[in-house]
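The listed protein sequences derive, respectively, from chains F and S.
Going by numbering that gives the first Met the number 0, the first sequence opens with residue 0, and the numbers climb by one from there.
Going by numbering that gives the first Met the number 0, the second sequence opens with residue 0, and the numbers climb by one from there.
Number of protein chains: 2
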Amino acid sequence: MDLKKKNVIIIGGGFGGLTAAKQFAGNKEFNVTLIDKTNHHLFQPLLYQVATAALSPGDIATPIRSVFRNKKNIRVVMDEITEVDKENRNVHGTSGKHYSYDYLIVATGTRHSYFGNPEWERHAPGLKTLNDALDIRERVLWSLEQAEKETDPTPRQKFLNFVIIGGGPTGVELAGAISEITRKTGINDFKNVREKDIHVYLIEAQDAILNTYPEELSESARKKLNDMGVNVYLNTMVENINEDGITAGKLTIPSSNVIWAAGNEGTPLLQKLGFDTDRAGRINVNGSLTTHRQPEIYVIGDAANCTDGSGQQVPGIAPAAMQMGKYAAKRILGKVPPDKEFTYLDKGNMATIGRGKAIAEIAGLKFKGFTAWLLWSFVHIFFLIGFRNRFRVMAEWIWYYLTFKGSFRLITGRVDNNDKQ
Amino acid sequence: MDLKKKNVIIIGGGFGGLTAAKQFAGNKEFNVTLIDKTNHHLFQPLLYQVATAALSPGDIATPIRSVFRNKKNIRVVMDEITEVDKENRNVHGTSGKHYSYDYLIVATGTRHSYFGNPEWERHAPGLKTLNDALDIRERVLWSLEQAEKETDPTPRQKFLNFVIIGGGPTGVELAGAISEITRKTGINDFKNVREKDIHVYLIEAQDAILNTYPEELSESARKKLNDMGVNVYLNTMVENINEDGITAGKLTIPSSNVIWAAGNEGTPLLQKLGFDTDRAGRINVNGSLTTHRQPEIYVIGDAANCTDGSGQQVPGIAPAAMQMGKYAAKRILGKVPPDKEFTYLDKGNMATIGRGKAIAEIAGLKFKGFTAWLLWSFVHIFFLIGFRNRFRVMAEWIWYYLTFKGSFRLITGRVDNNDKQ
Numbered sequence: 000m001d002l003k004k005k006n007v008i009i010i011g012g013g014f015g016g017l018t019a020a021k022q023f024a025g026n027k028e029f030n031v032t033l034i035d036k037t038n039h040h041l042f043q044p045l046l047y048q049v050a051t052a053a054l055s056p057g058d059i060a061t062p063i064r065s066v067f068r069n070k071k072n073i074r075v076v077m078d079e080i081t082e083v084d085k086e087n088r089n090v091h092g093t094s095g096k097h098y099s100y101d102y103l104i105v106a107t108g109t110r111h112s113y114f115g116n117p118e119w120e121r122h123a124p125g126l127k128t129l130n131d132a133l134d135i136r137e138r139v140l141w142s143l144e145q146a147e148k149e150t151d152p153t154p155r156q157k158f159l160n161f162v163i164i165g166g167g168p169t170g171v172e173l174a175g176a177i178s179e180i181t182r183k184t185g186i187n188d189f190k191n192v193r194e195k196d197i198h199v200y201l202i203e204a205q206d207a208i209l210n211t212y213p214e215e216l217s218e219s220a221r222k223k224l225n226d227m228g229v230n231v232y233l234n235t236m237v238e239n240i241n242e243d244g245i246t247a248g249k250l251t252i253p254s255s256n257v258i259w260a261a262g263n264e265g266t267p268l269l270q271k272l273g274f275d276t277d278r279a280g281r282i283n284v285n286g287s288l289t290t291h292r293q294p295e296i297y298v299i300g301d302a303a304n305c306t307d308g309s310g311q312q313v314p315g316i317a318p319a320a321m322q323m324g325k326y327a328a329k330r331i332l333g334k335v336p337p338d339k340e341f342t343y344l345d346k347g348n349m350a351t352i353g354r355g356k357a358i359a360e361i362a363g364l365k366f367k368g369f370t371a372w373l374l375w376s377f378v379h380i381f382f383l384i385g386f387r388n389r390f391r392v393m394a395e396w397i398w399y400y401l402t403f404k405g406s407f408r409l410i411t412g413r414v415d416n417n418d419k420q
Numbered sequence: 000m001d002l003k004k005k006n007v008i009i010i011g012g013g014f015g016g017l018t019a020a021k022q023f024a025g026n027k028e029f030n031v032t033l034i035d036k037t038n039h040h041l042f043q044p045l046l047y048q049v050a051t052a053a054l055s056p057g058d059i060a061t062p063i064r065s066v067f068r069n070k071k072n073i074r075v076v077m078d079e080i081t082e083v084d085k086e087n088r089n090v091h092g093t094s095g096k097h098y099s100y101d102y103l104i105v106a107t108g109t110r111h112s113y114f115g116n117p118e119w120e121r122h123a124p125g126l127k128t129l130n131d132a133l134d135i136r137e138r139v140l141w142s143l144e145q146a147e148k149e150t151d152p153t154p155r156q157k158f159l160n161f162v163i164i165g166g167g168p169t170g171v172e173l174a175g176a177i178s179e180i181t182r183k184t185g186i187n188d189f190k191n192v193r194e195k196d197i198h199v200y201l202i203e204a205q206d207a208i209l210n211t212y213p214e215e216l217s218e219s220a221r222k223k224l225n226d227m228g229v230n231v232y233l234n235t236m237v238e239n240i241n242e243d244g245i246t247a248g249k250l251t252i253p254s255s256n257v258i259w260a261a262g263n264e265g266t267p268l269l270q271k272l273g274f275d276t277d278r279a280g281r282i283n284v285n286g287s288l289t290t291h292r293q294p295e296i297y298v299i300g301d302a303a304n305c306t307d308g309s310g311q312q313v314p315g316i317a318p319a320a321m322q323m324g325k326y327a328a329k330r331i332l333g334k335v336p337p338d339k340e341f342t343y344l345d346k347g348n349m350a351t352i353g354r355g356k357a358i359a360e361i362a363g364l365k366f367k368g369f370t371a372w373l374l375w376s377f378v379h380i381f382f383l384i385g386f387r388n389r390f391r392v393m394a395e396w397i398w399y400y401l402t403f404k405g406s407f408r409l410i411t412g413r414v415d416n417n418d419k420q
């Protein structure tokens, strides 16, 4: 190792970490080590399509190594970091290895939060990883299989009720997609399951779904979901989730398919760093994306609670993480004046609801329906990494749009059946 | 249920069971229930390509339901049959359900046999299901990741030794493909792993690999594997497998990647039927594919040990299973004279070794190299179920042939890392 070179460690290969690492490519003064506990960068905005079997894992994920194949000064390591020794400037992985740094970029994102009810996780998995997506997919398919052979109507209905908790983008996308696949794609294959037997519920604690959007768009999304047969419950706080289903006030829904899309919190590593965090466990950073105590440690993306230089709260979305990654890297590279704070540039916001249906807000303009969906499709294909993934995803979408046939309805036996009962 | 109709139960949705079920499509006198413990028919001859990340699970598997979507008299059930009550003519599933039959077709295939050493399975998984394939794929990728970060040469080499036990078609295909993906596709992504560090071993107890083929072809396959960098050991009987690797006489190979392709045995259900079985646990059937005691129970495919009407031992391969399935169904349908025994029609045999390399024997003619590989490719694409799968697989192969780039090198976290050490 060249001692004159500075070592930068980036923890997390999501949108933020990956963008940060790219800034250092080919630089002769910095060695970068990008550490992730998986071996792939995940295009998380399309993860719900893997969960609903519209896409396969390889379509939306790229091995991080491939991205940096020809970059000599960027090393990719698969390891899970559990400790940061700020004094000696090194981080420790579960592999037993230590990695030393001059600069550290923390980009570990968030994980599901069950608001103090960790026992709910078993019955209501969340959607963060490819593994989560494949588990949810198998649960849904397995439930339809059970319903097909069950003749007693009471236990049978439990298999045909699908409950999604949380009306943010992920919850809305899942509700729309599950309604589509179970009613259209799935139904023809099952001889005893009728479309009217399937009920999809979307449960939101606040008074609107997609509540970061203007009321007009949020309300349009709610109506579209209703048209698609999704029962949307607003102002409804879930009180209990167990193997029988969910309870929320007077509402009780028996279900073997509950999916959690209601809350996120910072990863455990963030707590261990010993910095101030907000209620969701994200680290409070200043406009330089650092804390005042440790200017060599940057925190970016969902891991950070940040008010930017213009006083704007930075949202927890991919474009923000990428902008933060770029800013942090450029600061380390000395390409940003020390007093220039990070400023988030809002390029717009979009969410999809179903086949041919979406909402979008770009530069104050509002889009709904098919136009918004086309916009959404193009933007998502454009930002996918790799020509091959783009081509495959586009082909899948066109096929699905024309035929309504999803592709991979396979239960490979990932989840033990006993777990699902 | 119409009491006048006869109930046929088919256990197993592989090549034999699926072909048998198809014969009954649209028949007004028979109701068929096809029961499988998974929800998909698997094109097993290409399973090694899923294990080596050349294809994805959806490319080689089809939901059994889709196959019979429009066949009213064929019901598909996902259940695992554990008991057959021959007296009352019904079968019992793990779901607690019973299914009654007038005719039963047993097509449950085989599973790995570790020749009395079940403890080897943990360290040397076999390849029968999509789950197995994905586990093997993750083990291989995970090992390369470990080697990349390990600096001590002794533990490091263990991650770079790949051992395949058994020189039949599956073993040969796996050895060839693993050599290709680790040396060509994989290597560019890893900065610390050199091609010369990777060793692939194929261990065969007998004196030839692919020993059902003529010596000329078998020897040609061995040479091709050698050229591809696979170390082929003949006359070598494995004596022990543990977390450190394998031992066979004086040969000791430290390896965290041992794959079992050496032996098969009948599924446990076959033992429970109470019929005579051979040493491999397959049921001995007569030329009618039944036992003399229970003429309403047919046993087909790999589950049967059968000498056909012409005195030929029926091989355990897909075309034989399909022919047996067709024969059994036609007998039940009364389309075969009672005294006409099953005769296996040998349509040829082929095995692939690597990109552009295969051997084939068709009607006494021998093929090697690229010609054999083209033949192999066309036959396998032709027999895949569904236009979509055919198109996808062909596209993948052309892409791979031209670019040498495998597609999905993702570790989704299926296997607990502790398991792999």
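All C-beta atoms, glycine included, are put in the ideal place defined by N, C-alpha and C.
From a predicted model like this one, the values you see are computed outputs, not experimental measurements.
For residue i, does the count of other Cβ atoms within 10 angstroms reach 16, so buried, or fall short, so exposed?
{"i": "S:E214", "result": "exposed"}
{"i": "F:I205", "result": "With the sequence shown as reference, residue 205 of chain F is identified as Gln, and Ile is not the correct amino acid for it. Exposed, since its Cβ has fewer than 16 Cβ neighbours within 10 Å."}
{"i": "S:I282", "result": "buried"}
{"i": "S:L250", "result": "exposed"}
{"i": "F:I316", "result": "buried"}
{"i": "F:L129", "result": "buried"}
{"i": "S:I80", "result": "buried"}
{"i": "S:F407", "result": "Legend: pLDDT at S:F407 = 46, less than 50; position of this residue unreliable, value from coordinates given subsequently. The residue is buried, with at least 16 neighbouring Cβ atoms inside 10 Å."}
{"i": "S:L344", "result": "exposed"}
{"i": "S:K346", "result": "exposed"}
{"i": "F:V162", "result": "buried"}
{"i": "F:N271", "result": "For the sequence presented, residue 271 of chain F should be read as Lys rather than Asn. It counts as exposed."}
{"i": "S:F341", "result": "buried"}
{"i": "F:M323", "result": "buried"}
{"i": "F:A123", "result": "buried"}
DSSP puts residue i in a beta bridge; with which residues?
{"i": "F:L103", "result": "F:I8, F:I296"}
{"i": "F:T421", "result": "Since the first and last residues shown for chain F are 0 and 420, residue 421 of chain F lies out of range."}
{"i": "F:Y98", "result": "F:V90"}
{"i": "F:P253", "result": "F:G244"}
{"i": "S:I34", "result": "S:I10, S:V76"}
{"i": "S:V231", "result": "S:L201"}
{"i": "F:R110", "result": "F:E264"}
{"i": "S:I258", "result": "S:I163"}
{"i": "S:N239", "result": "S:T246"}
{"i": "S:K367", "result": "S:I358"}
{"i": "S:G125", "result": "S:W259"}
Just to check, is the beta-carbon of residue i closer than 7 Å to a non-hydrogen atom of the ligand ZN?
{"i": "S:A327", "result": "Inclusion of the ligand ZN in the displayed structure is not the case, the ligand content being empty and no account of it being possible."}
Inset, instruction - Below 9 Å between beta carbons is the criterion; list the residues of the segment 87-115 of chain S that meet it against any residue of chain F, in chain order. - result: G92, T93, S94, K96
Legend entry - Start-end ranges of the alpha helix (DSSP H) lying completely within the segment 46-89 of chain S, minimum 4 residues: 46-50, 56-59, 63-66
Legend entry - Within 7 Å of chain S by C-beta, residues of the segment 216-247 of chain F in sequence order: none
Inset, instruction - Note down, one range per segment and in chain order, each beta strand (DSSP E) of at least 3 residues found wholly within the segment 266-334 of chain S. - result: 282-284, 296-298, 303-305
Inset, instruction - Using a Cβ-Cβ cut-off of less than 7 Å, give me the residues of the segment 51-71 of chain S that come near chain F, in sequence order. - result: S55, P56, G57, A60, P62, R64, S65, R68
Legend entry - At least three beta-carbon pairs within less than 8 Å, the segment 17-37 of chain F to the segment 61-80 of chain F: yes
Legend entry - Contact residues within the segment 124-140 of chain S, judged by C-beta distance below 8 Å to chain F: T128, L129, N130, L133, L140
Legend entry - Near-chain F residues of the segment 172-193 of chain S - C-beta to any C-beta below 7 Å: N187, D188, F189, K190
Legend entry - Proximal residues, the segment 146-161 of chain F versus chain S, C-beta separation under 8 Å: E147, K148
Inset, instruction - Take every Cβ of the segment 352-368 of chain F, pair it with every Cβ of the segment 166-185 of chain F, and state whether three or more of those distances are shorter than 8 Å. - result: yes
Inset, instruction - Tell me, please, whether the segment 331-347 of chain S touches the segment 278-293 of chain S by the rule of three or more beta-carbon pairs shorter than 8 Å. - result: yes
Legend entry - Residue ranges of each beta strand (DSSP E) within the segment 157-197 of chain F, 3 or longer: 160-164
Legend entry - Validate contact between the segment 131-147 of chain F and the segment 221-228 of chain F using beta carbons, cut 8 Å, 3 pairs: no
Inset, instruction - Evaluate contact between the segment 99-107 of chain F and the segment 307-314 of chain F, counting only Cβ atoms and requiring at least three cross-stretch pairs below 8 Å. - result: no
Inset, instruction - Please determine if the segment 227-236 of chain F and the segment 263-282 of chain F are in contact, where contact requires at least 3 C-beta pairs separated by less than 8 Å. - result: no
Inset, instruction - Pair every Cβ in the segment 298-309 of chain F with every Cβ in the segment 233-248 of chain F, then say whether three or more of these pairs are closer than 8 Å. - result: no
Legend entry - Within 7 Å of chain F by C-beta, residues of the segment 12-40 of chain S in sequence order: T37, N38, H39
Legend entry - Contact set between the segment 307-325 of chain F and chain S, restricted to residues whose Cβ is under 8 Å from the partner: none
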